[in-house]
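Worksheet: the structure to be examined is printed underneath.
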Amino acid sequence: MASPVHAPQSRTAVVTGGSSGIGAATARELARAGFTVVLAARRADRLKAVAEEIRAEGGTVRAYPLDVTDREAVAAFAEQVEVCDVLVNVAGGAYGVEEVAEADPGDWGRMYEVNVLGALKMTQALLPKLLASGDGTVVVLTSTASFTCYEGGGGYSAAKHGAHVLAETLRLESCGQPLRVIEIAPGMVQTDEFSLNRYRGDTTKADAVYAGVPGPLVAEDVADAVAWAVTRPSHVNVDLMVVRPRAQAAQHKVHRVP
Numbered sequence: 651m652a653s654p655v656h657a658p659q660s661r662t663a664v665v666t667g668g669s670s671g672i673g674a675a676t677a678r679e680l681a682r683a684g685f686t687v688v689l690a691a692r693r694a695d696r697l698k699a700v701a702e703e704i705r706a707e708g709g710t711v712r713a714y715p716l717d718v719t720d721r722e723a724v725a726a727f728a729e730q731v732e733v734c735d736v737l738v739n740v741a742g743g744a745y746g747v748e749e750v751a752e753a754d755p756g757d758w759g760r761m762y763e764v765n766v767l768g769a770l771k772m773t774q775a776l777l778p779k780l781l782a783s784g785d786g787t788v789v790v791l792t793s794t795a796s797f798t799c800y801e802g803g804g805g806y807s808a809a810k811h812g813a814h815v816l817a818e819t820l821r822l823e824s825c826g827q828p829l830r831v832i833e834i835a836p837g838m839v840q841t842d843e844f845s846l847n848r849y850r851g852d853t854t855k856a857d858a859v860y861a862g863v864p865g866p867l868v869a870e871d872v873a874d875a876v877a878w879a880v881t882r883p884s885h886v887n888v889d890l891m892v893v894r895p896r897a898q899a900a901q902h903k904v905h906r907v908p
């Protein structure tokens, strides 16, 4: 007989990057699934707004302003979280599209700091509670860029590959313990801020990324994938899920209409 689907009753999920985009959508989806959601992100005003939306839908949520790259702040945050059954590492970002010859090392460092070290610090801080739950799950949100490089994307691909390695290594090291490690790697996702941040506020260039693409993914599509993965039966680990829009066959192969 198959094991029952993971019951979310009285289970707590921590979601980083929860003030916008995929993080906010994931928090909403997990709250709808019955999880108590603990939101963490840098922007307190945006965080508060997302928490209020979740409460308005009848969800249970707590929100904490947090910079995941600040180890002391992460440790203090972890002390306030009494129970953690699921950790979803969403906080990340891309900065700059310059090729290797002209890239700013500061941009590369910033991307590595949040995408890799931020996820590392959060995972380290909450790992004891995840294991103590007897049935913990860590989700690392990476990207198809983690395994496919492209011009102008060296720093982002390097950072997301680092996050991929974090997930894969943790899965090896925790084998035999009550912990699942899941990696979700989205392709083209149209959100309000990702490309805008990458192109340093240039809306024309940011909009061009999705121009003519019929049905790029949206944040809710990725959130749905996360929620599905973490609610599988306890013995089922979704090692790696690649999620792309139908219009994107590969990193360089995207169907566009005039």
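Under our numbering, residue 908 is the last one in the sequence shown; the count climbs by one each step, no gaps. Every residue, glycine too, gets a C-beta built ideally from N, C-alpha and C.
Own chain residues within Cβ distance below 7 Å of residue i, not counting five before or after
i	result
A813	N765, V766, A769, V790, T792, S796
V888	I832, A879, R882
L890	E833, A835
A809	M761, Y762, N765, V766
A713	L689, L697, K698, A701
E801	E749
A723	L716, D717
Coarse secondary structure for residue i, derived from DSSP in three states
i	result
T841	coil
L716	coil
E722	helix
Q774	helix
Q898	strand
V876	helix
A706	helix
G804	helix
V904	strand
A728	helix
A817	helix
G862	coil
V893	strand
V733	coil
V700	helix
N-terminal and C-terminal residue of the alpha helix (DSSP H) that residue i is part of
i	result
Y762	755-762
T853	853-858
Segment limits, beta strand (DSSP E) that includes residue i
i	result
E833	829-836
V736	736-739
A744	A744 -> no beta strand (DSSP E), and no H or E assigned at all.
V665	662-666
V788	786-791
Own chain partners of residue i with C-beta closer than 6 Å, once the 5 adjacent residues on each side are dropped
i	result
S845	A856, V859
R894	G837
T787	V736, R830, V880
S783	D735
P866	M838, Q840, Y860, P895
K779	C734
Y849	K855, A856
R906	G862, V863
H811	S796
Contacts around residue i, its chain only, beta-carbon distance under 8 Å, and the 5 residues preceding and following it disregarded
i	result
L934	The requested residue 934 does not occur in the structure, where the chain is confined to residues 651 to 908.
A725	A775
T841	S670, G671, I672, V868, A869
T719	E763, V764, L767, G768, K771
Near the ligand MG: residue i beta-carbon under 8 Å from a heavy atom
i	result
A691	Of ligands this structure carries none, so the ligand MG is not represented either.
ask   = At what residue ranges does the region 669-695 contain a whole run of the beta strand (DSSP E), taking only runs of 3 or more?
value = Within the region 669-695, the beta strand (DSSP E) runs of at least 3 residues that lie entirely inside it are, in chain order, 686-691.
Would you call the region 693-701 and the region 661-669 touching, i.e. three or more CB-CB distances under 8 Å?
Verdict: yes, contact present.
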